[in-house]
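*Asks:*
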Amino acid sequence: MLEHFAVNFDDLSIVDLVADANIREHLRSADGGLQEGNTSGAAEDLAKAKTLIFAKLQKYIPKVNLEGYDRTIGLLREQPFSALGEYLDILRESCLVAMFNLPIKEYGYVRNILPSASRAAFGGEWWVQHRRATYNESEIRRALSCLVNLCIKLEVID
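With my numbering applied, the sequence shown covers 35 to 192.
(1) Is it a yes or a no for the segment 157 to 166 touching the segment 120 to 137, going by three-plus beta-carbon pairs under 8 Å?
(2) Buried or exposed, going by whether 16 or more other CB atoms sit within 10 Å of the CB of Lys139?
(3) Does the Cβ of Ala53 have 16 or more other Cβ atoms within 10 Å, making it buried, or fewer, making it exposed?
(4) What residues are listed by DSSP as bridge partners for Ala151?
(5) Sort Ile191, Arg145 and Arg165 by Cα distance to Phe134 and report the nearest one.
(6) Have a look at Thr73, Arg62 and Lys84 and flag the residue whose alpha-carbon is nearest the alpha-carbon of Ser152.
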């Protein structure tokens, strides 16, 4: 197809609708991984994008940090507050979804299908924890579409 405005329309995807460059980069990487058949890598990139999307909403409902409590009782092998922290993260995201009238079904699907991802406090290394061993292409495509829809809805708000 012809190029207009220095854009080759054959190269466009739904990911290009996302305004935030950092989130768009992870979504593009997931889209590329999908095209290469790397569904696990694509799921990781989508999990990172989801983490970045909800990190942008920190100013409305801050994320709970219970790491200090776990360190205080660090003599124990288990971290008793980690499960509480995970629960509060899910509760926080659910409240944000309700507060901004985001599609709850899409959020629920993404939360249940994707691995969990977190990032070092100063933005460096990512930690991704898979809930499943494999993902199929249709699941990842749907999750990609859901995250793009969440981004588009949030652009009006943020």
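Even glycine gets a Cβ: it sits at the ideal position worked out from N, Cα and C.
*Replies:* Inspection of the coordinates gives the following:
(1) With fewer than three CB-CB distances shorter than 8 Å, the segment 157 to 166 does not count as touching the segment 120 to 137.
(2) By the neighbour-count rule (16 or more Cβ atoms within 10 Å), Lys139 is not buried but exposed.
(3) Classification for Ala53: exposed.
(4) Paired residue(s): Val162.
(5) With distances taken between Cα atoms, Phe134 lies closest to Ile191.
(6) The option with the nearest alpha carbon to Ser152 is Lys84.
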